[in-house]
Structure formats: C-alpha cells, structure tokens
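Those protein sequence lines, which keep their order, are chains A and B. The first sequence lines up with residues 637 to 882 when you count with the working numbering. The second sequence lines up with residues 18 to 130 when you count with the working numbering. Every residue, glycine too, gets a C-beta built ideally from N, C-alpha and C.
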Amino acid sequence: MCQDCGCGDPNLVPIEVQHRILERNDQTAIHNREHFSADSILCINLMGSPGAGKTAVLEATARAAGNPRAFAALAGDLATENDADRLRAAGIRSRAITTGQACHLDAELVHRSLHGFDLDDVECLFIENVGNLVCPAVYDLGQAANVVALSVTEGEDKPLKYPTMFQKADLVLLTKTDLLPHLPHIRVTKIYDALARVMPDPQVFTIAAINDSGMTQWLRWLEQRRAKLASSAPATHHHHEHAHAR
Amino acid sequence: MHEYSIVQSLVDSVESVARPYEGGSVHHVYVDIGELAGVDCDLLQTAYDTFREGTICQDAPLTIERIAAQWECPHCHLAIRRGEILRCPSCNEPAKLAAGDEILLRRVEMEVA
Ligand SMILES: Nc1nc2c(ncn2[C@@H]2O[C@H](COP(=O)(O)OP(=O)(O)OP(=O)(O)O)[C@@H](O)[C@H]2O)c(=O)[nH]1
Ligand SMILES: [Mg+2]
Ligand SMILES: [Zn+2]
Ligand SMILES: [Zn+2]
Ligand SMILES: [Zn+2]
C-alpha cells in the first residue's frame, strides 16, 4: 500500500533493499586492487583542493627518491595534460586522465588507463585526483591509501568544512610550509586541532615541495605502506573477463 | 558535481531491483544518504528530477533520508559527538564511524498490474 502520496493504490509492492548505489564502481575498484596487489604496487590516491600542491609533492618525491623508475602516476585533470607532462619531466612515467565535466576520477577511468600502461619495476603508483575537496572522496579507485594535500594557505578550518575528504584520509600532507613566515595569522596548531575533529587518528606530515623539506618522513611512510601491502596480500592471480593489453 | 553520476548509478540500481517485476512501473524511490557520504542532498534531488525523464524512474518521486554521522569508541561504544576530538576520552582509542557514510538504495515501490 502506498504510504506517502495517498493514492491508496492496492497494487503497490514495496521492495526493501540495501543496495549500494556505487556498487559497480566498488566492484571495479576491487578489480583494480587485485591488479595492484598482483604486481606488488602500492597505489596512492592523492587528493586535495585545486592548487594545493599535489603535483609539486610528486615532483619533489621523484627528486628525493633517487629512483623515479619506481614511481608512476595517473594525473586526473578536467581539461589539460599539464600535470602528466610535469611529472614526466620529473622522471615519473605518467598518463593523463582528462575527465571533461567530471569533477573526480572513478574506478573505471583508472582501470581503463591501467591497461597498456607499462608498470614494470613500479613500486608505487600515484593517482593524482582532480583538484576538488568533495567529489573525489566519494569514489573508491582501488587505492591502498588516501593521501590529502592541504596547503597552509587554505585556511585553518578547511578540514571542518570538508569533513568527508578528511575522514577518508589515511595521511594529510600539510604543504607549502615555507610560506608560514609570511602568514602570521595562520596557526598550525589550529589546523591540527581541526583535523583531529574530522579524522579519528590523524597522521600529518609537513612538507615544502619547493625546497624538498619533509621528504624523508614521507618516503619512509610510503616504504612502510608498501611493506605492509606485501606482507598482508600474497600475490594471487586474479581473474579477468577482459583481455589485457599489456 | 558528481550528483549527476550518482543519479545515473541510482537509476541503474533501480532497474536491477525492478527487473523481476516485469510489466510493473516504479512508483517511488527511497535512498539513505549519510551526512559524511560527500553527497549534497539538494543537488541529488535536483539532479534526479532532471535526469529521471525518459528513464524507468520517470514517474517515481525520490525521497532522501539524511543519516546523521555517528562516531563511537570501538572499545567502550561511547558516542562521540560531531565536532569533538574523535578519540575516546576514557580509552584513548580512535573513534569509529558507526553510521553516516552510506549511499544506499533502501526501498523501491513498484506498481504492478
Ligand atoms: N611556496 C610554495 N609554493 C608551492 C609549493 N608547492 C606548490 N606550490 C605552488 O602552488 C601552485 C600549485 O601547485 P601544483 O603542484 O600545481 O598544485 P596541484 O594541487 O597539483 O594543482 P591542481 O592539479 O591544478 O589541482 C604552483 O604555483 C606551485 O608552484 C611549495 O611547497 N611552496
Ligand atoms: Mg596538479
Ligand atoms: Zn583489469
Ligand atoms: Zn562532484
Ligand atoms: Zn572508549
């Protein structure tokens, strides 16, 4: 019987379900995760506001690591391939994913870009998501960890305004810290406090990509995450309904 | 604005739920959206009303239930209110999200002949 619109229609059948609306994306994300675990690749979903310094962090990572062959990147962008070009110039093999209207990457876009992408010897794949503090957090891509770049110029209460993004973050990189001397009104302790109200177990590293500071801690974290991945997931062969182009 | 792509997935979900009721029509759709799901309910409603034309959901209004975020201690189950430090003051455990990140199709009302 219809409850709400008062039409009194006796031919109404209510079907109660618990159907995840993004189930198809989640299935594809699981499939991507199998790709990464079969190849022992740590996949990082790097998110943040437009201009938070995501690409700059990856450029600095390549400089600091010594072996950029160990890294690869997919760079999501609404319109340009600029970030992928920058990352290639930094020595990281990269592919651009131009999303057009879409404000975020989804698992299918990532999967399509994986196939035919040479990931030999890659230990860590970065997915630089579209610059946006809302939408990217909604879509699982198959990553092992979410990292959010938050620049010190964005305001102390950013985490409180975008709780979803930070709630899903495994790590926050507080970027552009070289600018702090010029920002006397910004208190880093306030940013930490805001993060603790939206992230249950906040992990925060401070970074200034411009002068490579903070890179050691970040590289160590990546190494630890990759080691954890290797110990927790024995590389099983995953099944495919589609042919691999690689 | 990912609400349009969510509506697309929602319509697909309704289609799969309605499939066994061949010949019936979708009369009403109910979803649960968590406060921390990253989905704007007003935008979702607008996107749905724009997008449902010509789909199986054409004549079915959408009712959205907003689910409040609920944090609690995984150890002693103490509720931790939103806006507070997300760590149990007595156990020092990081809080767990008990509800509030769902993007769920909950109920489809079908009109059958
Ligand atoms: N002072 C300073 N500027 C930085 C730093 N990192 C990035 N920038 C500047 O911030 C701007 C944006 O940096 P990007 O690395 O392009 O930021 P992004 O997050 O990748 O940007 P989108 O991909 O467009 O969202 C550029 O002008 C950078 O030069 C830093 O550590 N210090
Ligand atoms: Mg960038
Ligand atoms: Zn595949
Ligand atoms: Zn969006
Ligand atoms: Zn407790």
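Determine which residues share a DSSP beta bridge with residue i and list them.
{"i": "residue 126(B)", "result": "650(A) and 45(B)"}
{"i": "residue 80(B)", "result": "47(B)"}
{"i": "residue 714(A)", "result": "DSSP output for residue 714(A) lists no bridge partner at all."}
{"i": "residue 820(A)", "result": "The partner list for residue 820(A) (beta bridge, DSSP) is empty, contrary to what the question assumes."}
{"i": "residue 96(B)", "result": "89(B)"}
{"i": "residue 734(A)", "result": "713(A)"}
{"i": "residue 799(A)", "result": "Beta-bridge pairing links residue 799(A) to no other residue."}
{"i": "residue 683(A)", "result": "784(A)"}
{"i": "residue 706(A)", "result": "DSSP, once it has assigned bridges, lists no residue as partnering residue 706(A)."}
{"i": "residue 688(A)", "result": "Note: residue 688(A) sits in no beta bridge, so no partner."}
{"i": "residue 748(A)", "result": "BP columns for residue 748(A) are empty, so no partner."}
{"i": "residue 729(A)", "result": "708(A)"}
Whose CA, out of the options, lies closest to the CA of residue i?
{"i": "residue 54(B)", "options": "774(A), 790(A) and 673(A)", "result": "774(A)"}
{"i": "residue 741(A)", "options": "772(A), 718(A), 731(A) and 762(A)", "result": "772(A)"}
{"i": "residue 658(A)", "options": "72(B), 50(B) and 127(B)", "result": "50(B)"}
{"i": "residue 804(A)", "options": "114(B), 90(B), 30(B) and 124(B)", "result": "114(B)"}
{"i": "residue 795(A)", "options": "859(A), 863(A), 770(A) and 776(A)", "result": "770(A)"}
{"i": "residue 6(B)", "options": "85(B), 69(B) and 26(B)", "result": "Examination of residue 6(B) is not possible in this model, given that chain B is present from 18 through 130 alone."}
{"i": "residue 687(A)", "options": "864(A), 764(A) and 647(A)", "result": "764(A)"}
{"i": "residue 700(A)", "options": "868(A), 867(A), 865(A) and 858(A)", "result": "858(A)"}
{"i": "residue 800(A)", "options": "52(B), 65(B) and 101(B)", "result": "52(B)"}
{"i": "residue 761(A)", "options": "698(A), 737(A) and 810(A)", "result": "698(A)"}
{"i": "residue 739(A)", "options": "715(A), 808(A), 838(A) and 725(A)", "result": "715(A)"}
{"i": "residue 72(B)", "options": "33(B), 121(B), 124(B) and 130(B)", "result": "33(B)"}
{"i": "residue 793(A)", "options": "817(A), 680(A) and 827(A)", "result": "827(A)"}
{"i": "residue 834(A)", "options": "821(A), 719(A), 798(A) and 672(A)", "result": "798(A)"}
{"i": "residue 754(A)", "options": "647(A), 868(A), 660(A) and 671(A)", "result": "671(A)"}
{"i": "residue 737(A)", "options": "713(A), 722(A) and 758(A)", "result": "713(A)"}
{"i": "residue 887(A)", "options": "719(A), 650(A), 723(A) and 680(A)", "result": "Residue 887(A) falls outside the range modelled here, since chain A spans only 637 to 882, and no answer is possible."}
{"i": "residue 829(A)", "options": "723(A), 720(A), 865(A) and 791(A)", "result": "791(A)"}
{"i": "residue 864(A)", "options": "652(A), 647(A) and 676(A)", "result": "676(A)"}
{"i": "residue 758(A)", "options": "648(A), 673(A), 652(A) and 868(A)", "result": "673(A)"}
Got a sec? Which residues, its chain only, sit under 8 Å from residue i by beta carbon, not counting five neighbours each side?
{"i": "residue 666(A)", "result": "778"}
{"i": "residue 853(A)", "result": "841"}
{"i": "residue 814(A)", "result": "844, 846, 847 and 849"}
{"i": "residue 819(A)", "result": "788 and 789"}
{"i": "residue 98(B)", "result": "88"}
{"i": "residue 855(A)", "result": "697, 700 and 701"}
{"i": "residue 22(B)", "result": "none"}
Any idea what DSSP makes of residue i, helix, strand or coil?
{"i": "residue 655(A)", "result": "strand"}
{"i": "residue 808(A)", "result": "strand"}
{"i": "residue 782(A)", "result": "strand"}
{"i": "residue 840(A)", "result": "strand"}
{"i": "residue 764(A)", "result": "strand"}
{"i": "residue 867(A)", "result": "helix"}
{"i": "residue 69(B)", "result": "coil"}
{"i": "residue 121(B)", "result": "strand"}
{"i": "residue 769(A)", "result": "coil"}
{"i": "residue 106(B)", "result": "coil"}
{"i": "residue 35(B)", "result": "helix"}
{"i": "residue 741(A)", "result": "coil"}
{"i": "residue 882(A)", "result": "Per-residue confidence for residue 882(A) stands at a pLDDT of 43, beneath the threshold of 50, marking its modelled position as unreliable; the derived number appears in the next sentence. In this structure, residue 882(A) counts as coil in the three-state DSSP scheme."}
{"i": "residue 676(A)", "result": "coil"}
{"i": "residue 699(A)", "result": "helix"}
{"i": "residue 27(B)", "result": "helix"}
{"i": "residue 856(A)", "result": "helix"}
{"i": "residue 833(A)", "result": "coil"}
{"i": "residue 133(B)", "result": "Not covered by the structure: residue 133(B). The range shown for chain B is 18 to 130."}
Grab me the residues of residue i's own chain with a C-beta within less than 6 Å of its C-beta, minus the 5 sequence neighbours each way, in chain order.
{"i": "residue 61(B)", "result": "20"}
{"i": "residue 749(A)", "result": "710, 731 and 733"}
{"i": "residue 744(A)", "result": "664"}
{"i": "residue 65(B)", "result": "24 and 79"}
{"i": "residue 654(A)", "result": "none"}
{"i": "residue 669(A)", "result": "778"}
{"i": "residue 695(A)", "result": "726"}
{"i": "residue 95(B)", "result": "105"}
With a threshold of 7 Å on Cβ separation, who are the neighbours of residue i within its own chain once the five nearest residues in sequence on each side are excluded?
{"i": "residue 861(A)", "result": "678, 780 and 781"}
{"i": "residue 78(B)", "result": "45"}
{"i": "residue 74(B)", "result": "28, 31, 43 and 46"}
{"i": "residue 7(B)", "result": "Residue 7(B) lies beyond the residue range present for chain B, which begins at 18 and ends at 130; the question has no answer from this structure."}
{"i": "residue 882(A)", "result": "Any answer about residue 882(A) is weak, because its pLDDT of 43 lies below 50 and its placement is not dependable; what the coordinates show is given next. Excluding positions up to five away in sequence, the list reads 751 and 752."}
{"i": "residue 785(A)", "result": "682, 684, 688, 689, 690, 693, 809 and 811"}
{"i": "residue 93(B)", "result": "105, 107 and 108"}
{"i": "residue 662(A)", "result": "656 and 776"}
{"i": "residue 727(A)", "result": "698 and 704"}
{"i": "residue 117(B)", "result": "51, 52, 53, 84, 85, 86 and 87"}
{"i": "residue 123(B)", "result": "47, 48 and 49"}
Please confirm whether residue i has its beta-carbon closer than 8 Å to some beta-carbon of chain C.
{"i": "residue 839(A)", "result": "Protein chains A and B are contained in the structure displayed, whereas chain C is not."}
So does residue i have its beta carbon nearer than 7 Å to some heavy atom of ligand 7?
{"i": "residue 671(A)", "result": "Ligand 7 is absent from the structure shown, which contains only ligand 1, ligand 2, ligand 3, ligand 4 and ligand 5."}
For ligand 2, list every residue whose C-beta falls under 6 Å from any of its heavy atoms, going in chain order.
Contact residues of ligand 2 (beta-carbon closer than 6 Å to any heavy atom; chain order) are 690(A), 691(A), 719(A) and 764(A).
What residues sit near ligand 5, counting only those whose C-beta is closer than 7 Å to one of its heavy atoms, in chain order?
Matched residues: 90(B), 92(B), 93(B), 95(B), 105(B), 107(B), 108(B) and 110(B).
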